[in-house]
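Here the sequence shown is numbered in numbering that gives the first Met the number 0, starting from 0 and rising by one per residue.
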Amino acid sequence: MSADGSLFGQSADFRPRPATGEAPFDLDEMFFSRTDLRGVIAAFNTIFLRVADYQPEDLLNAPHRLIRHPDMPKGVFWLLWQGLHRGGLVGAYVKNRARDGLHYWVFAVIQPIDGGYLSVRIKPSSSLFGAVQREYADLLRREKEEGLTPEQSGMALLERLRALGWRNYACFEADCIAAEYQSRRAGLGEGPDADIEDLTGVLKNARSLRSEVSDLNARFAGANLLTINMQVIATKLREGRRTISEIAKNYGLMVSEIQTSLAAFNSVVQDEDPFAASPEARAVFRMTTARLMAEAAARFRAEHCDLRGVCRDTEMALLDSRATWAATQSNRALDEVMQTVSDMRRNVDQLRRLIIGLSIVRIACRVESGMLAVRSQGLETIVARLDGLQEEIGRILDEIDGSGQHAMDHLKRYRLRSDPLSHLY
């Protein structure tokens, strides 16, 4: 129902609105709006009008903040604009306020376009949504009690995301959009999107692999210290000094080579950019966006209401072009993921060969230590520590190998669906 109680357009959907609480917005619905660079509303669809409870003329040329809800932390919008000003897609949970005071939550995918921004929104329903509501409430409380500026609030949100296990906002929004898309499908009685499911599997295992590589790096930092101690002990030996010193030198060189190999796993630049995404996170976000854009275009094409002041042909052309663009970007991201996963597997194989070589040097050290006429307690202690280190390295390497293989399995399943002959080349 419109603001004056009339229905806008012949096929508008009348729904009773409660006196308080949440505005009617169903899981199978989707709406969009377009603004200029200043955030002034230039276009929308009928679902937006109904949910927000406005007439077309009330929204057209109005600032988008008209629907902003006071429960939203300012830091979320600060972070959102940081991403948009970089020229990228941004996904965010947003609580809005309708004309009659009711509220409605959305998961919005916002993208820069020529002369402004386009936002497509769905109703959130995943398990992440409940956690986000709690985090937003806590952040809003901090804004009020601590007097946080929008930037300080945004940085506090990033810090909180890191504490919860997301490296930055790009990692978070990739998980959110996939979770919301799949939850929406489940709520509508549809099976999971197999492509998104496999890409999410690649993302999960790539993250595990990088975490395991970081763990392995920490172990090799300890190996450097053992190498130094071995060289110091070698200088104090009456016999076997040269041999042990050479073994220590070779062990140190191999550790250094392994550390260089480990650095190759980290394809993401480790900087402070909250929107620096790994190839697999980028692919998940872009493919899901492509799905949503295609649906938004199809739904708008099926609408037949008079939007008074909004040119349907112009908006239809824009949605179609953005759906095509999103699909193209998704394909490019997938190509990047295929290369990344292939590189991961190759790096794992190289790492295993290097660690086998390291084990051989360790065994040589044990043999030489046992041949000394006068036992060196210090050297035996180091050999024992090298043995323990090798066991830890082997365990972590098995985990790395498993994560890499699982990522490859997910990618192979995706490729077989998109190209049944891919296994032939």
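Beta carbons are placed, not taken as given, at the ideal position from N, Cα and C, and that holds for glycine.
These numbers were taken from a predicted model, which means no experiment stands behind them.
Check: Nearest-angstrom Cα separation, counted from V201 out to E279; Outcome: 7 Å
Check: Beta-carbon separation (whole angstroms), A406 vs V360, contact threshold 8 Å; Outcome: Not quite, the Cβ-Cβ distance comes to about 31 Å (not below 8 Å), so this is no contact.
Check: Spatial neighbours of A173 in its chain, beta-carbon cut-off 6 Å, leaving aside the 5 residues before and after; Outcome: A280, V283, F284
Check: For I112, the first and last residue of its enclosing beta strand (DSSP E); Outcome: 102-112
Check: Distance between L58 and S118 (C-alpha atoms, nearest Å); Outcome: 15 Å
Check: Given V231 as reference, the closest of L147, A162, H68, S375 once Cα atoms are compared; Outcome: S375
Check: For L333 and A107, the rounded distance between their alpha carbons; Outcome: 23 Å
Check: Proximity to L396 [Cα-Cα], best of I355, F24, F31; Outcome: I355
Check: Beta-bridge partners of D348, as assigned by DSSP; Outcome: Answer by DSSP bridge pairing: none, since D348 is not bridged.
Check: Residue closest to I362, alpha-carbon to alpha-carbon, out of A301, I243, R184; Outcome: I243
Check: Cβ-Cβ separation, R120 to V131 (assumed contact under 8 Å), whole Å; Outcome: In fact, because the Cβ distance is near 15 Å, the residues do not count as touching under 8 Å.
Check: Nearest-angstrom Cα separation, counted from M229 out to G86; Outcome: 53 Å
Check: Three-state secondary structure assigned by DSSP to M154; Outcome: helix
Check: Buried or exposed (CB count within 10 angstroms, at least 16 for buried), S124; Outcome: buried
Check: Coarse secondary structure for L215, derived from DSSP in three states; Outcome: helix
Check: Unbroken beta strand (DSSP E) run spanning A263, endpoints; Outcome: No beta strand (DSSP E) holds A263; DSSP gives it neither H nor E.
Check: For R140, the nearest candidate out of D70, M315, I109, R209 (CA to CA); Outcome: D70
Check: Simplified DSSP assignment, three categories, for D25; Outcome: coil
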